[in-house]
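Reading through the structure tokens given below for one structure.
There are 2 protein chains.
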Amino acid sequence: MILLDYRDKRPLYEQMAEKLERLIVNGGLEPLTRMPSVRSLAVELSVNPNTVQRAYAQLEQDGYLYTVSGRGSFVTAREEWQENRQNRIWQEWRAATAQAREAGIPAERLIAGIRQIYGEDGQ
Amino acid sequence: MILLDYRDKRPLYEQMAEKLERLIVNGGLEPLTRMPSVRSLAVELSVNPNTVQRAYAQLEQDGYLYTVSGRGSFVTAREEWQENRQNRIWQEWRAATAQAREAGIPAERLIAGIRQIYGEDGQ
DNA sequence: ATAAGTGTATTAAGAATGTTAATACACATA
DNA sequence: TATGTGTATTAACATTCTTAATACACTTAT
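So the sequences go chain by chain: A and B.
Here the first sequence stands for residues -14 to 108, where the numbers follow this note's numbering.
Here the second sequence stands for residues -14 to 108, where the numbers follow this note's numbering.
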């Protein structure tokens, strides 16, 4: 399913969470399907079950997974995690924009920045 | 000059740097004037000189101070630190905007956000 | 020259935090 | 009731961070 990189200096659970998130965002994990159990994935990757649990908890916190007690963890429906993700990013963007205003960057410059970033190739 | 808050859980140097930055940004410290020496401010606040040094180093890194060897640390000219500050904030804003694009937030929503944030009272 | 004032580099001790593992618990279902 | 699920708790270990002690380098006034 995923592969850990031991040259990566980040903690295992963070690395796992990031790889799984990317997998979900890129459609590599079908919504509503069950994730591997904490223990089975732990065996597969040779780590402690708690490490997998922590990665799952992070993904659940971010809305990518949900858990049914005793049955397992499942991938959230696309529309749902997409909305959560957009809300998080939107909050951060607003904070960055408020800072820009406070620093005296004119609104016109921001709008020009949007044109540039949204214009680069795609869209 | 400044006062440390011991209920604040952040490290001393960070607290000092933040308070001094605010002081400079708000015009409480005249550009081109000398800062208190590392040792004198350390005595005044009852901390180790290295702690003050670290705060000063941070401020210098961010362009708020500059140092003349053997003579002391001085407040940077307003235009200069303002430009540094805007550059930092601009970089962060661009990153946030690129993320917004990747998450599928439409450009129009961002532009509306700018109107709202820049419109709130002042301008 | 030299003393006193500046910032800075180096090192170490200690504290605080973060990460992983061990273990036991609670729930669901075959 | 046995097996499979996620979760809570605790502890050990590692890592990072913070502060202090000390010595160094430079400038300037005496």
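Cβ atoms here follow ideal geometry from the backbone N, Cα and C, with glycine treated the same way.
Pull the bridge partners of residue i from the DSSP assignment, please.
| i | result |
| --- | --- |
| B:S58 | B:T52 |
| A:R19 | A:F59 |
Our contact map puts residue i next to residue j with C-beta atoms below 8 Å; I'd like the distance itself, whole angstroms only.
| i | j | result |
| --- | --- | --- |
| B:L44 | B:A2 | 6 Å |
| A:P16 | A:R63 | 5 Å |
| A:A40 | A:Y(-2) | 5 Å |
| B:E65 | A:A81 | Not confirmed; about 23 Å, so no contact. |
| B:R19 | B:G57 | 5 Å |
| B:R86 | A:Y103 | 6 Å |
| B:G98 | A:R100 | About 15 Å separates the two Cβ atoms, so there is no contact after all. |
For residue i, return the contacting residues in chain A, with the cut-off set at a CB-CB distance below 7 Å.
| i | result |
| --- | --- |
| B:A81 | E77, W78 and A81 |
| B:Y103 | R86 and A92 |
| B:L44 | Within chain A, no residue comes near B:L44; the closest Cβ sits about 16 Å away, beyond 7 Å. |
Report the neighbours of residue i on chain A: residues whose CB is nearer than 8 Å to its CB, in chain order.
| i | result |
| --- | --- |
| B:R70 | A88 |
| B:I74 | A81, Q84, A85, A88 and I90 |
| B:L5 | Within chain A, no residue comes near B:L5; the closest Cβ sits about 18 Å away, beyond 8 Å. |
| B:L26 | Result: empty, since nearest Cβ-Cβ is about 27 Å, beyond 8 Å. |
Could you tell me the alpha carbon to alpha carbon distance between residue i and residue j, rounded to whole angstroms?
| i | j | result |
| --- | --- | --- |
| A:Q108 | B:E29 | Bear in mind that a pLDDT of 48 at A:Q108, under 50, signals an unreliable position, so the number given afterwards is only what the model happens to contain. Approximately 58 Å between the Cα atoms of the pair. |
| B:V23 | A:E93 | 42 Å |
| B:N33 | B:T61 | 25 Å |
| A:Q84 | A:L95 | 12 Å |
| B:A13 | B:T52 | The question names Ala, but residue 13 of chain B is Gly in the sequence shown. Approximately 19 Å between the Cα atoms of the pair. |
| A:V10 | B:K4 | 41 Å |
| B:S31 | B:S54 | 25 Å |
| A:P91 | B:R(-5) | 33 Å |
| B:I(-13) | B:E105 | 31 Å |
| A:Q67 | A:D(-7) | 28 Å |
| B:Q38 | B:S25 | 11 Å |
| A:T36 | A:L(-11) | 12 Å |
| A:Q0 | B:Q0 | 31 Å |
| A:A42 | B:F59 | 48 Å |
For residue i, is the beta carbon positioned less than 6 Å from some heavy atom of the ligand ADP?
| i | result |
| --- | --- |
| B:Q84 | With respect to small molecules bound, the structure shown includes none, and the ligand ADP cannot be examined in it. |
What residues of chain A sit near residue i, judged by a beta carbon separation below 9 Å?
| i | result |
| --- | --- |
| B:G98 | W75, W78, R79 and T82 |
| B:L30 | Per Cβ cutoff of 9 Å: no residues; B:L30 is ~28 Å from chain A at best. |
| B:L50 | The premise fails here: B:L50 is roughly 18 Å from chain A at the closest Cβ pair, so nothing lies under 9 Å. |
I want to verify the contact list: residues of chain B whose CB lies under 7 Å from the CB of residue i, in sequence order.
| i | result |
| --- | --- |
| A:L8 | None at all; the shortest Cβ gap to chain B is about 16 Å. |
Residue i touches chain B at which residues, Cβ-Cβ below 9 Å?
| i | result |
| --- | --- |
| A:L(-3) | Within 9 Å Cβ-Cβ: nothing; A:L(-3) doesn't reach chain B, min ~25 Å. |
Practice task
Evaluate contact between the segment 47 to 54 of chain B and the segment 65 to 77 of chain B, counting only Cβ atoms and requiring at least three cross-stretch pairs below 8 Å.
Solution key: yes
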